[in-house]
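See below for the structure under consideration.
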Amino acid sequence: MRISPSTKRILIGVAGAFVVLLLLAFGIFQWKRQQLLAYALREVKARVERKYPVTLALGPAQFTDLNTVEIKGMSLVPTARPADTLLTARRLQASLSIRSLFAGRPVFSDLQIQHARLTAHKTATTDNFGFLLNKKKQPAAAPRNDAAGRNYGLLLNQLLEAGFDNVPGQADFQDFVVRYDSPRHQALLALPRLQIADGDISGRLTATIDSVVNELGINGHVEAGDYALTARVFGVGSPVQLPYVPRRFGALVSFDTVLVRMAGKDFSDDDTGGKLTVRGSLAARNFSLYQPRLGSEDIVVHRGQLDFVAALGRATVALEEGSRVVLNDLVFHPEISVRLKPKLAVRLRIDSDAAPTNAFFASLPEGMFDVVAGTQGTGTLAYHLRADVDLANVDSLHLNSSLQASKDFRITRFGAEDLGKLNGDFAYTAYNDKGDSLRTFPVGPSNPDFTHYDDVAGYLKSAIMTAEDPRFLTHRGFMEKAFVNAAIQDIKEKRFARGGSTLSMQLVKNVFLNRQKTVGRKAEEMLIVWLIENTRLVSKQRMFEVYLNIIEWGPSNYRWPSGKRGVYGVKEAALFYYGKRPSELNLPESLYLASIIPKPKYYRFSFNSYGSLRSSTRYFFKLIADIMANRGLISENDRDNLTYGVNLNGPARGYIVTARDTTRTVSPATAASSNPST
Numbered sequence: 001m002r003i004s005p006s007t008k009r010i011l012i013g014v015a016g017a018f019v020v021l022l023l024l025a026f027g028i029f030q031w032k033r034q035q036l037l038a039y040a041l042r043e044v045k046a047r048v049e050r051k052y053p054v055t056l057a058l059g060p061a062q063f064t065d066l067n068t069v070e071i072k073g074m075s076l077v078p079t080a081r082p083a084d085t086l087l088t089a090r091r092l093q094a095s096l097s098i099r100s101l102f103a104g105r106p107v108f109s110d111l112q113i114q115h116a117r118l119t120a121h122k123t124a125t126t127d128n129f130g131f132l133l134n135k136k137k138q139p140a141a142a143p144r145n146d147a148a149g150r151n152y153g154l155l156l157n158q159l160l161e162a163g164f165d166n167v168p169g170q171a172d173f174q175d176f177v178v179r180y181d182s183p184r185h186q187a188l189l190a191l192p193r194l195q196i197a198d199g200d201i202s203g204r205l206t207a208t209i210d211s212v213v214n215e216l217g218i219n220g221h222v223e224a225g226d227y228a229l230t231a232r233v234f235g236v237g238s239p240v241q242l243p244y245v246p247r248r249f250g251a252l253v254s255f256d257t258v259l260v261r262m263a264g265k266d267f268s269d270d271d272t273g274g275k276l277t278v279r280g281s282l283a284a285r286n287f288s289l290y291q292p293r294l295g296s297e298d299i300v301v302h303r304g305q306l307d308f309v310a311a312l313g314r315a316t317v318a319l320e321e322g323s324r325v326v327l328n329d330l331v332f333h334p335e336i337s338v339r340l341k342p343k344l345a346v347r348l349r350i351d352s353d354a355a356p357t358n359a360f361f362a363s364l365p366e367g368m369f370d371v372v373a374g375t376q377g378t379g380t381l382a383y384h385l386r387a388d389v390d391l392a393n394v395d396s397l398h399l400n401s402s403l404q405a406s407k408d409f410r411i412t413r414f415g416a417e418d419l420g421k422l423n424g425d426f427a428y429t430a431y432n433d434k435g436d437s438l439r440t441f442p443v444g445p446s447n448p449d450f451t452h453y454d455d456v457a458g459y460l461k462s463a464i465m466t467a468e469d470p471r472f473l474t475h476r477g478f479m480e481k482a483f484v485n486a487a488i489q490d491i492k493e494k495r496f497a498r499g500g501s502t503l504s505m506q507l508v509k510n511v512f513l514n515r516q517k518t519v520g521r522k523a524e525e526m527l528i529v530w531l532i533e534n535t536r537l538v539s540k541q542r543m544f545e546v547y548l549n550i551i552e553w554g555p556s557n558y559r560w561p562s563g564k565r566g567v568y569g570v571k572e573a574a575l576f577y578y579g580k581r582p583s584e585l586n587l588p589e590s591l592y593l594a595s596i597i598p599k600p601k602y603y604r605f606s607f608n609s610y611g612s613l614r615s616s617t618r619y620f621f622k623l624i625a626d627i628m629a630n631r632g633l634i635s636e637n638d639r640d641n642l643t644y645g646v647n648l649n650g651p652a653r654g655y656i657v658t659a660r661d662t663t664r665t666v667s668p669a670t671a672a673s674s675n676p677s678t
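Counting in full-length UniProt numbering, the sequence shown runs without a single skipped number right up to 678 at its last residue.
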């Protein structure tokens with residue numbers, strides 16, 4: 001279609017007028033834009049000060065191009081603490097939406113902040129940042145109730161909302177330093193550069209927290225509106241060491257890389273102040289933990305992951321159903337609840353997926369299971385744990401721990417130690433409590449001091465089993481009731497007061513493990529016992545025979561005429577105390593040897609300086625003899641004619657009898673008339 005000349009002239013005129021109007025509008029904008037910018041900054045200042053109790057001060061501002069604004073200097077000061085500046089920046093740059101400016105609600109984007117300093121202070125009574133955690137529409141927080149405990153759900157919810165609500169859509173931080181000081185903690189974060197673009201985060205920082213310094217890299221993505229986060233944190237040049245843990249728990253925790261995911265949160269109000277549920281995951285590479293009570297070496301998990309459904313409330317923390325723990329190739333499903341007030345209470349429910357035997361042993365944490373590391377076999381293994389403890393009622397402690405094997409479970413190859421060596425001659429090394437080796441000797445017929453099971457007095461075998469492990473011949477390595485009772489006593493006395501170990505566990509500890517009282521050693525001890533007992537690797541009689549020939553029974557500084565040191569095994573014990581053979585021991589002599597097994601170095605404390613048994617040892621004699629008689633292990637005549645004394649005719653007499661006017665330890669007549677209660 002052809003356009004007539006007149007129409008063409010009209011269109012050209014309209015276009016020209018439109019261009020003139022645009023140029024005029026642009027000219028007016030250029031003439032007035034500094035005033036518009038001042039208006040925009042006043043609006044930003046007003047919005048910030050309406051939202052928070054602060055004073056926002058902005059330095060000189062100007063356009064550097066059509067819509068880019070540069071601000072030379074800013075500060076943010078809490079109104080309640082005018083002398084305590086929270087945030088400063090030397091230079092800010094941002095893009096200003098012209099459309100939003102004319103709409104009356106200026107919107108800034110692509111924020112760049114240079115040379116910023118955020119300084120947070122906290123004292124016992126005040127701080128300069130607490131206002132960030134409180135929304136104005138929220139009701140005033142209830143006074144803290146120390147008896148009921150802190151509401152960890154409310155606290156974490158405030159932190160999460162403060163963090164996510166203040167994440168900028170676009171930002172570029174250059175030379176940003178964050179400092180935090182409180183009476184108990186100090187932190188310094190130096191960020192050469194941190195960028196946020198459409199939710200993507202990347203940057204490097206040096207973090208110094210409570211004297212722990214880490215060079216970190218971070219990248220990830222955040223969806224602030226959904227409270228969702230994915231972040232990868234990694235060490236630059238060295239592993240990342242967790243702060244706070246060394247001071248609080250005496251532990252060292254490190255990792256190469258950790259991947260943090262948060263999938264969302266739910267906060268529900270209730271009469272306790274609220275409950276927070278958080279879903280997400282933590283995955284770490286080369287996770288390392290050292291704590292002296294756990295073990296003497298670093299405990300290492302090369303691949304670990306926690307998928308969590310965590311619930312936090314007033315003095316309560318829980319991992320709920322749906323949580324999952326992955327340790328290398330092992331998968332566990334934990335349900336854990338912890339109540340901190342009025343007294344600590346813990347409830348554990350842990351079940352593992354059945355794992356192939358090779359994968360099970362290959363996945364055990366390094367540094368905890370050195371003896372069984374590398375064990376191979378057929379079949380599958382699955383672990384289950386049920387535990388409940390309430391410090392308000394310690395006697396109610398409940399524990400059920402089991403390792404279940406499939407019917408085709410078999411061990412085809414042992415790890416670092418051949419557990420089957422118990423069936424033949426092997427070299428045994430005795431150590432003191434410091435871990436120093438004292439003596440090595442063969443266990444078996446090649447040793448002239450070795451005593452066969454049948455050559456040990458029945459009194460001694462029965463007395464030891466009655467005192468140490470009454471169900472030794474029938475259980476499979478563990479007595480849960482004894483273990484629970486020991487745990488109850490340990491908790492009450494706040495120390496390792498009682499072991500709760502069976503003879504099987506004592507044997508494994510002495511033959512395969514060190515003398516350290518650590519969680520790691522106990523865990524490996526229990527696993528080795530389970531393997532020996534549940535695979536019928538060694539007979540009960542052979543286990544007891546080895547036990548009788550290796551246990552410590554006297555002073556480690558005693559030297560025999562042959563030059564050997566210490567009192568180890570039943571033959572040396574019978575000679576050291578009584579000058580007898582093991583087959584010749586009577587009931588009182590057997591009871592005394594059984595009484596000192598838990599603490600052989602304290603053998604002298606059973607006697608006074610004249611060689612008479614003290615009342616506590618006489619009570620032990622009566623207690624064990626009564627149990628033995630009731631179980632048919634000794635006759636009624638043995639019990640009725642029991643003497644509460646022993647004749648010390650061996651080298652032990654010189655260590656025990658120190659009174660000058662004594663000629664014998666105790667006469668049979670005197671012993672027979674002794675009352676255990678006196």
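Note that the Cβ used here is the ideal one computed from N, Cα and C, for glycine as well. None of the values given here were measured: they were computed from a predicted structure.
Straight-line measurement puts the Cα of Tyr290 at about 37 Å from the Cα of Glu545. With a 10 Å radius around the Cβ and a threshold of 16 neighbouring Cβ atoms, Pro192 comes out exposed. Positions of the alpha helix (DSSP H) runs, each at least 4 residues long and wholly inside the segment 561 to 613, are given as 570 to 578, 587 to 595 in order along the chain. Going by beta carbons, Gly415 and Ala373 fall inside the 8 Å limit. Within the DSSP secondary-structure output, Lys265 pairs in a beta bridge with Val278.
Three or more Cβ pairs closer than 8 Å define a contact, and the segment 247 to 265 meets that threshold against the segment 223 to 239. Leu155: member of the alpha helix (DSSP H) spanning 152 to 165, first to last residue. With a cutoff of 8 Å on beta-carbon distance, Arg439 and Gly566 are scored as near each other. The C-beta distance from Asp110 to Ser95 rounds to 4 Å, short enough to fall under 8 Å.
Take Phe483, set aside five residues on each side of it, and the residues of its chain with a beta-carbon closer than 6 Å to its own are Gly500, in chain order. For Arg184, the closest alpha carbon among the candidates Ile209, Leu194, Ile196 is that of Ile209. Sorting Ser401, Val253, Ile299 by C-alpha distance to the C-alpha of Ser363 places Ile299 at the top. In this structure, the CA atom of Thr518 is about 22 Å from the CA atom of Asn286. A check of alpha carbon separations from Leu160 across Lys45, Ala148, Thr378, Leu133 identifies Leu133 as the nearest. For Arg285, the pairing in a beta bridge is given by DSSP as Thr257, Arg303. Note on Val213: under 16 other CB atoms within 10 angstroms of its CB, so exposed under the neighbour-count rule. DSSP, read as helix, strand or coil, puts Ser109 in strand. Phe620 and Glu525 have their C-alpha atoms spaced approximately 28 Å apart. Under the 8 Å Cβ criterion, the segment 539 to 554 does not count as touching the segment 620 to 640, having fewer than three qualifying pairs. Proximity of the segment 324 to 339 to the segment 299 to 315 meets the contact definition, three or more beta-carbon pairs being nearer than 8 Å.
Counting every other CB atom within 10 Å of its CB across the protein chains shown gives Asn510 a total of 16 or more, marking it as buried. For Tyr453, the closest alpha carbon among the candidates Leu419, Gly420, His384, Arg542 is that of Arg542. Excluding its 5 nearest sequence neighbours in each direction, Ile532 has C-beta neighbours in its own chain below 8 Å: Leu419, Leu422, Gly477, Ser504, Val508, Val538, Met543, listed in chain order. In the DSSP assignment, Pro246 falls within the unbroken alpha helix (DSSP H) covering 245 to 249.
A Cβ-Cβ contact shorter than 8 Å links Ser590 with Ala457. Contact annotation: Ser288 and Ser238 have beta-carbon atoms that are not nearer than 8 Å.
The residues Leu330, Leu381, in chain order, have a CB closer than 7 Å to that of Phe360 in the same chain once the five nearest residues on each side in sequence are set aside. Distance between Thr55 and Gln174, taken at the CA atoms: about 23 Å. Under the 10 Å beta carbon count, Tyr578 is surrounded by 16 or more other beta carbons and is classified as buried. Rounded to whole angstroms, Ala283 and Ala231 show a C-alpha spacing of 11 Å. Close CB contacts of Glu584 within its chain, under the 6 Å cut and outside five residues either way in sequence, are absent. Partner residues in the beta bridge of Arg410, as assigned by DSSP, are Thr378.
Looking at the DSSP output, His384 shares a beta bridge with Asp351, Ser402.
For Ala416, there is no enclosing beta strand (DSSP E), as DSSP marks it with neither H nor E. Residue pairing by DSSP puts Ala311 in a beta bridge opposite Thr277, Ala318. No residue range can be given for Arg660, since it is assigned to no alpha helix (DSSP H) and is classified by DSSP as neither H nor E.
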